[in-house]
Structure formats: structure tokens, C-alpha cells
Amino acid sequence: MDFKDHIIFITGASAGIGRQLASDLAARGAVVVGCGRSRDRLVESLKLVRKTSPGSLMIACDIGDPGQVRAMMAQVLRDFGKIDILINNAGIGMRKAFIDTPLDSIEAILRTNYLGAVYCTKEVLPSMIARGAGHIVNISSGAGKIGTLNMSAYCASKFAINGWSESLYHELKPLGIHVSVVCPGPVPTDFSRDFRNTEPKSPAALFVSAAAVSLAVLRAIERNRFEIIIPRWLDLICGFQRLSPGLFRFLAHRRFRRYVAAPVIER
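Below, the structure is given as C-alpha cells:
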């Protein structure tokens, strides 16, 4: 698909999946506008995308702050006139038992992963509705399909993204606006390396590359697919979980329990 004359906004464009998406979409003719919190990394992303899309732009913004999002999106819509595709990609995480996870960490994860997507969509959607066209792509996770040990806050944020995406799909389809959700397995990016207490570790063969996730997003846009789960092994596991949730939970618990330690609770 040729994205010439498309204005595509990507959150979390400073690294990982977001940077890969920015590069791939720019190479296909899009004008890419990205945001992230790290100015230094955004500079590197901008250098990359401007090789093929000189009109692209990167903006420093914390999408967990609705005021910053409002100002940023107003600037983008003023300068570019429209946003054809919004890709909600930004995410943070922590691997830690729920009992040991500070409340402020839980709130930060939910604010960035879920509410950040809500804030961005809330600001962009009126212009899409007015034009009767647009596409919203939400980057979720396999952890938004299956609850995973020691990732309760992250799972909650991604389950929220999935449910919200399905609701939006039904609301916006009659208005000519498409909604997609892409659920990748573990991706070897700075995001995944930043997880603390990383047991159980995923074998290298189970990882999916940022390039593969980017191609899945392009496929979702081109074919107006609602949901894509990658890689194939994860799609099969999610199918098994849907067909036999009780058996799946039993087998998953047997796999996970070796990593569960009794929490130390101070009274």
C-alpha cells in the first residue's frame, strides 16, 4: 500500500516498534509525526525517517499527561490539517508480583499504556469523524489476551486496550473509521530489556522482531483487519485458551508455579 499524502501519528516513536513503524511508513510515502519522552532518541528517529520523508516531525511529549497531549494534537492538526492514521504504540511495563508493586508504578503503567491511548484518540477522533475517514491502530500484547505471572499491571493495561478497541470498533465502523489492535508476543527491544525481575525468561525462539510487528501493523491497515496476533505460536495458544480456558489455566499454572515465591508481608 502506498501511503503518499497520508499523515500518520505514532506514539512511542523514539525506539523499538515505534521507530520501526516510523521508518517503514516513511519509506512508503507517509508523512510521519511521532512523539516520545526522550528528546535524544526522538532526534535519532527523526534522522532516520527524514531520509525518505523530509516533512516528518518528532515531538517530545508525555502522553500520560492529557494537557500535553491536547496541546500536541492541536499543533499537529493545525500544522498538517489532518491525521489519517493514529497508531497508539507507547508503553511501559514492570515484571513484579502484585503485592510488591507500588501503587504509583501501577498508576504510571495504566496512565501510559491505556489512558495515553485514550487521551490521544480523544483529541484526534473529532477530526476523523468530521472527515468520515481514519484508522486507529492500538498496539496491545499477548499479555492483553492471556494473564501472565508477575505482570498484573501490564496485563490490566493491555486487557483494557483490547476491550476498548472492540468497543471503538463497533462505535466507529458506521462512521467510516477503522479500528485495529495488534497483539505481539515478546519483542527484543529496550522496552523488554527494561523489565525488572525477568524470570521466567522467554527462549530467544519465542521472540518476535520489531520489524515483524511493523509488518503486521501494515497488514492490519491495508486489509482493515480488526485483530492480529503474532507470532503464529501465540495465535495458536490464544486459540487454545479460548476453546478450553479451564485446561489452559491448569497447564499455565503448572508452568508458572515454579517461579512463585511466597511474598514477605510486613505487619
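Okay, so the sequence shown: first residue is 2 according to the numbering used here, each after it adds one. The beta carbon of each residue, even a glycine, is placed where N, CA and C say it ideally should be. Fair warning: this is a prediction, and the values are worked out from it, not measured in the lab.
Check	Outcome
How far does the alpha helix (DSSP H) with HIS254 in it reach, from first residue to last?	246 to 257
Within the same chain, show all residues whose beta-carbon is closer than 6 Å to that of SER15, passing over the 5 residues directly before and after it, in chain order.	GLY37, SER39, ARG42, LEU43, SER46
Give a yes or no on whether the C-beta atoms belonging to GLY145 and LYS159 are separated by under 8 Å.	yes
Within 10 Å of its beta-carbon, does ASP101 have 16 or more other beta-carbons around it, so buried, or fewer, so exposed?	exposed
Count the other C-beta atoms from every protein chain shown that fall within 10 angstroms of the C-beta of HIS179, then say buried if there are 16 or more, exposed otherwise.	buried
Take LEU150 as the anchor and find which of GLY164, ALA98, ALA157 has the nearest alpha-carbon.	ALA98
Is SER181 near ARG226, with beta carbons less than 8 Å apart?	yes
Nearest by alpha-carbon distance to ARG79: which of ILE64, LEU219, SER128, ASN90 is it?	SER128
Relative to the C-alpha of THR59, which candidate in GLN76, VAL214, VAL218, ILE222 has its C-alpha closest?	Contrary to the premise, residue 59 reads as Met rather than Thr in this sequence. Nearest C-alpha to MET59: GLN76.
I think GLY186 touches VAL218, with their Cβ atoms under 8 Å apart; what is that distance to the nearest whole Å?	Contact doesn't hold; Cβ gap of about 15 Å is too wide.
In this structure, does DSSP put PHE227 in helix, strand or coil?	coil
Between ALA134 and the rest of its own chain, which residues show a CB-CB distance below 8 Å, the 5 nearest in sequence each way excluded?	ASP85, GLY177, ILE178
Could you tell me the alpha carbon to alpha carbon distance between PRO290 and MET74, rounded to whole angstroms?	Outside the displayed range of the chain (2 to 268) lies residue 290, so it cannot be described from this structure.
State buried or exposed for ASP3, treating a residue as buried only when at least 16 other CB atoms are found within 10 Å of its CB.	exposed
List the whole-angstrom C-beta distance separating ALA28 from THR12, where the pair is believed to meet the contact cut-off of C-beta under 8 Å.	Between THR12 and ALA28 the Cβ distance is about 20 Å, and since that is not below 8 Å, they are no contact.
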